[in-house]
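Engineer:
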Amino acid sequence: MESQVPPLHTGSSVVSVQELFKETMETVPERYVRRDQEPQFLSGNGSYETPTVPIIDLGKLSSAQTGGDQELQKLHVACKDMGLFQLVNHGIGPSLLEDLKREVEEFFKLPLSEKMKFGIRSGEIEGYGNIMPSEEKLDWGDRFFMILNPVAKRRPDLFSELPLSLRNTMDSYIKETQKLGMQLLGLISKCLDIEINKMKELFEDGFQTLRMTYYPPCPQPELVIGMRPHSDASGITILHQINGVHGFQIKKDGVWAPVHFLPNAFVVNVGDVMEILSNGLYSSIEHRVTVNSTRERISIAMFFSPKLDSEIGPIQSLATNKSPALFRRIKMEKYVEDYLSQKLDGKSCLERTKLQSKKADAFQGE
Numbered sequence: 001m002e003s004q005v006p007p008l009h010t011g012s013s014v015v016s017v018q019e020l021f022k023e024t025m026e027t028v029p030e031r032y033v034r035r036d037q038e039p040q041f042l043s044g045n046g047s048y049e050t051p052t053v054p055i056i057d058l059g060k061l062s063s064a065q066t067g068g069d070q071e072l073q074k075l076h077v078a079c080k081d082m083g084l085f086q087l088v089n090h091g092i093g094p095s096l097l098e099d100l101k102r103e104v105e106e107f108f109k110l111p112l113s114e115k116m117k118f119g120i121r122s123g124e125i126e127g128y129g130n131i132m133p134s135e136e137k138l139d140w141g142d143r144f145f146m147i148l149n150p151v152a153k154r155r156p157d158l159f160s161e162l163p164l165s166l167r168n169t170m171d172s173y174i175k176e177t178q179k180l181g182m183q184l185l186g187l188i189s190k191c192l193d194i195e196i197n198k199m200k201e202l203f204e205d206g207f208q209t210l211r212m213t214y215y216p217p218c219p220q221p222e223l224v225i226g227m228r229p230h231s232d233a234s235g236i237t238i239l240h241q242i243n244g245v246h247g248f249q250i251k252k253d254g255v256w257a258p259v260h261f262l263p264n265a266f267v268v269n270v271g272d273v274m275e276i277l278s279n280g281l282y283s284s285i286e287h288r289v290t291v292n293s294t295r296e297r298i299s300i301a302m303f304f305s306p307k308l309d310s311e312i313g314p315i316q317s318l319a320t321n322k323s324p325a326l327f328r329r330i331k332m333e334k335y336v337e338d339y340l341s342q343k344l345d346g347k348s349c350l351e352r353t354k355l356q357s358k359k360a361d362a363f364q365g366e
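Numbering (the UniProt record's numbering), first residue to last: 1 to 366.
See below:
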């Protein structure tokens with residue numbers, strides 16, 4: 001049976017935080033107030049305790065003559081201990097990134113009536129804005145979400161109707177990042193000491209999505225969250241912080257800490273699917289986005305996942321008598337469906353796939 005892209009739970013309307021911010025306000029509407037947020041970690045002297053995010057040089061990884069083996073080991077340790085790294089010398093030129101910055105900023109400056117031509121439709125996951133559920137608290141950010149692959153699953157009127165200059169720039173960026181993503185997955189195969197064809201079989205022509213997110217300034221940033229804590233339902237995610245404004249945070253050793261992006265570097269994080277495939281050797285990183293009172297933040301993320309009709313589970317060579325399988329086998333489509341049908345909540349979706357989880361039976365196929 002042909003795989004279908006799982007629908008998002010339906011909502012009553014599409015909302016735009018960007019438009020809300022244009023109104024003069026001193027207090028945040030109650031729908032956005034999140035008093036249950038965990039604070040950012042502070043060290044004893046009151047300064048932020050920032051974990052060291054590994055920096056991986058793709059140029060070295062691609063050349064056996066310039067320390068490639070050492071860099072590969074660094075990549076392995078980064079995925080294992082942090083679940084995240086900054087990627088430099090990734091081969092995507094600064095001129096393309098500058099064009100992307102300009103075009104994405106211009107898109108979010110469009111009048112709401114223009115952006116709503118791409119508005120999310122009830123029951124779908126693609127488009128601009130945020131679906132307003134009946135009772136849930138809302139994040140302080142607007143998104144544009146699009147399926148990249150399989151092309152046949154895309155909303156047909158979405159990409160083709162974007163402003164021409166944005167469409168051309170995004171097309172170039174997407175193609176370059178798709179090549180980069182597959183290159184990284186091949187290198188991760190080496191790190192895990194598995195056949196590269198196994199990873200290609202899962203991810204080549206797999207389920208790929210893109211999300212552009214605009215986080216407006218907020219008069220009371222301590223009361224809201226740009227994006228609530230979660231891990232990604234992907235193999236890997238490649239994140240580009242378009243305008244250099246910080247706000248991305250990771251949960252490391254039980255506390256939240258900021259990640260400061262290097263100029264033109266990408267942040268690559270391990271997703272739930274890679275944790276499952278690696279049988280827990282690599283760990284998906286829980287992360288969130290905070291906002292500030294003066295500057296907007298814009299980011300673009302690409303998510304790389306296996307084919308929707310594929311079955312995911314610990315790779316056979318990584319599930320042994322000494323290291324028994326930690327996760328159930330599950331259709332990729334079903335994992336995505338479960339992930340999208342619930343509100344973002346840490347690593348709860350992944351936890352339900354663990355063999356010892358009491359909730360794991362919810363993932364059993366019919």
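For glycine and all other residues, C-beta sits at the position ideal for the given N, C-alpha and C.
Can you name, in chain order, every residue of its own chain whose Cβ lies under 7 Å from the Cβ of Asn45, other than the five neighbours on each side?
Structural biologist: Within the sequence shown, the letter at position 45 stands for residue 45. A caution first: Asn45 carries a pLDDT of 48, below 50, which makes its placement in the model unreliable, though a value can still be read off. No residues qualify anywhere along the chain.
Engineer: Can you tell me which of the three DSSP states Ala257 falls into?
Structural biologist: If you number the sequence shown from 1, residue 257 lands on position 257. Strand at Ala257.
Engineer: Going along the chain, which residues of its own chain have a beta-carbon closer than 7 Å to the beta-carbon of Ala265, five neighbours each way excluded?
Structural biologist: Here residue 265 is taken as the residue at index 265 of the sequence shown, counted from 1. Same-chain partners within the cutoff: Gln86, Leu87 and Val88.
Engineer: Jot down the residue ranges of each uninterrupted beta strand (DSSP E) in the region 77-123, minimum 3 residues, whole runs only, in chain order.
Structural biologist: Runs found: 84-88.
Engineer: Within a Cβ cutoff of 8 Å, which residues of the same chain sit near Glu126, ignoring the five residues on either side of it in sequence?
Structural biologist: By one-based count along the sequence shown, residue 126 stands at place 126. Cβ within range, chain order: Ile120, Phe145, Met146, Ile147, Arg154, Arg155 and Leu158.
Engineer: Using three-state DSSP, classify Gln356 as helix, strand or coil.
Structural biologist: The residue you call residue 356 lines up with position 356 of the sequence shown. Gln356: coil per DSSP, three-state reduction.
Engineer: Got a sec? Which residues, its chain only, sit under 6 Å from Lys347 by beta carbon, not counting five neighbours each side?
Structural biologist: For the purposes of this step, residue 347 is taken as residue 347 along the sequence shown, with counting starting at 1. These residues qualify, in order along the chain: Ser231 and Glu286.
Engineer: What are the boundary residues of the alpha helix (DSSP H) that Asn168 is part of?
Structural biologist: Counting from 1 along the sequence shown, the entry for residue 168 is found at position 168. Per DSSP, Asn168 belongs to the alpha helix (DSSP H) from Leu164 to Leu192.
Engineer: Exposed or buried, what is His260 when buried is set at 16 or more other beta-carbons lying within 10 Å of its beta-carbon?
Structural biologist: Translated into positions along the sequence shown, residue 260 becomes position 260. Burial call: exposed.
Engineer: Within 10 angstroms of the Cβ of Arg329, are there 16 or more other Cβ atoms? Answer buried if so, exposed if not.
Structural biologist: Here residue 329 refers to the residue found at position 329 of the sequence shown. Label assigned to Arg329: exposed.
Engineer: Which word fits Gly141, buried or exposed, when buried means at least 16 other C-beta atoms lie within 10 angstroms of its C-beta?
Structural biologist: Looking up residue 141 in the sequence shown gives position 141. It counts as buried.
Engineer: Tell me where the beta strand (DSSP E) around Met146 begins and ends.
Structural biologist: Working through the sequence shown from its first residue, we reach residue 146 at position 146. Looking at the DSSP string, the run of the beta strand (DSSP E) that includes Met146 is Asp142 to Asn149.
Engineer: My guess is that Leu185 and Ile236 are in contact by the Cβ rule of under 8 Å, so how many angstroms apart are they, rounded?
Structural biologist: For the purposes of this step, residue 185 is identified with residue 185 of the sequence shown, where counting begins at 1. For the purposes of this step, residue 236 is identified with residue 236 of the sequence shown, where counting begins at 1. Confirmed, about 7 Å.
Engineer: Please list, in chain order, all residues of the same chain as His240 whose beta carbon is under 6 Å from its beta carbon, the five residues on each side excluded.
Structural biologist: Along the sequence shown, one-based indexing puts residue 240 at 240. Answer for His240: Phe266 and Ile300, listed in chain order.
Engineer: Can you list the alpha helix (DSSP H) stretches of 4 or more residues lying completely in the UniProt domain "Fe2OG dioxygenase" (206-306), in chain order?
Structural biologist: As far as the UniProt domain "Fe2OG dioxygenase" (206-306) is concerned, its whole alpha helix (DSSP H) runs of at least 4 residues are 272-277.
Engineer: Determine the DSSP secondary structure at Lys137, reduced to helix, strand or coil.
Structural biologist: Your numbering for residue 137 matches position 137 in the sequence shown. Of the three classes helix, strand and coil, the one that applies to Lys137 here is coil, per DSSP.
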